[in-house]
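*Asks:*
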Amino acid sequence: MKKNTNKDIESFVDKMMKEAPLESPSVDFTSKVMHQVLVSSTSNVTAYKPLISKPIWILLLTLTIGWIGYVMFVGDTIDVSWFDNMNFNQFSSLFSGVKISQTTMYTLLMFAVMLGIQTPILKRYLDRR
């Protein structure tokens with residue numbers, strides 16, 4: 001039964017194709033197609049936008065430098081005795097008078113800890129993206 005149906009459909013399609021006139025494209029068909037290709041090929045790529053803008057970086061840098069300057073000149077100082085125990089003869093005389101405040105030491109320690117925490121988190125975020 002399906003063979004007869006397929007033959008009927010095939011003969012009907014053949015008959016319709018013979019009766020249909022041959023169509024030709026318009027004169028400017030190629031230029032229209034190429035125009036559509038050019039329009040579709042120019043995509044709207046997301047522009048790079050940094051997570052932290054330049055004014056915020058400048059503000060953070062200014063605040064950090066200001067904080068370090070304040071702590072160095074106004075804050076309490078502590079001796080860094082571990083540096084004196086090392087045998088860096090050429091550097092020990094250069095840094096012998098350096099006194100680092102306790103606040104600066106805590107700040108540097110927190111910076112190192114936060115950097116160690118945030119680096120893997122940001123890497124994982126960017127890898128997933």
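Here the working numbering is used: the first residue of the sequence shown is 1, the next is one more, and so on. Every residue gets a Cβ at the ideal spot worked out from N, C-alpha and C, and that includes glycine. Keep in mind that this is a model prediction, so the values were computed, not measured.
Along the chain, where does the alpha helix (DSSP H) containing Ile65 start, and where does it finish?
*Replies:* 54-74
*Asks:* Can the beta-carbon of Val71 be found closer than 8 Å to that of Thr119?
*Replies:* no
*Asks:* Looking at the structure shown, is Ser24 part of a helix, part of a strand, or coil, going by DSSP?
*Replies:* coil
*Asks:* Specify whether the region 99-118 and the region 53-71 touch according to this definition: at least 3 beta carbon pairs, one from each stretch, less than 8 Å apart.
*Replies:* yes
*Asks:* Might you give, ordered along the chain, the residues of its own chain that have their beta carbon closer than 7 Å to the beta carbon of Ile58, omitting 5 neighbours on each side?
*Replies:* Spatial neighbours of Ile58 in its own chain (CB-CB distance under 7 Å, excluding positions within 5 residues in sequence) are not present.
*Asks:* Can you name the start and end residues of the alpha helix (DSSP H) that Gly116 belongs to?
*Replies:* 102-128
*Asks:* With distances taken Cα to Cα, identify the nearest neighbour of Thr64 among Asn4, Lys32, Leu108, Lys18.
*Replies:* For Thr64, the nearest C-alpha among the options comes from Leu108.
*Asks:* Under a three-way DSSP split, which group does Thr46 fall into?
*Replies:* In the three-state scheme derived from DSSP, where H, G and I count as helix and E and B as strand, Thr46 is classed as coil.
*Asks:* Please state whether DSSP places Leu51 in a helix, a strand or coil.
*Replies:* coil
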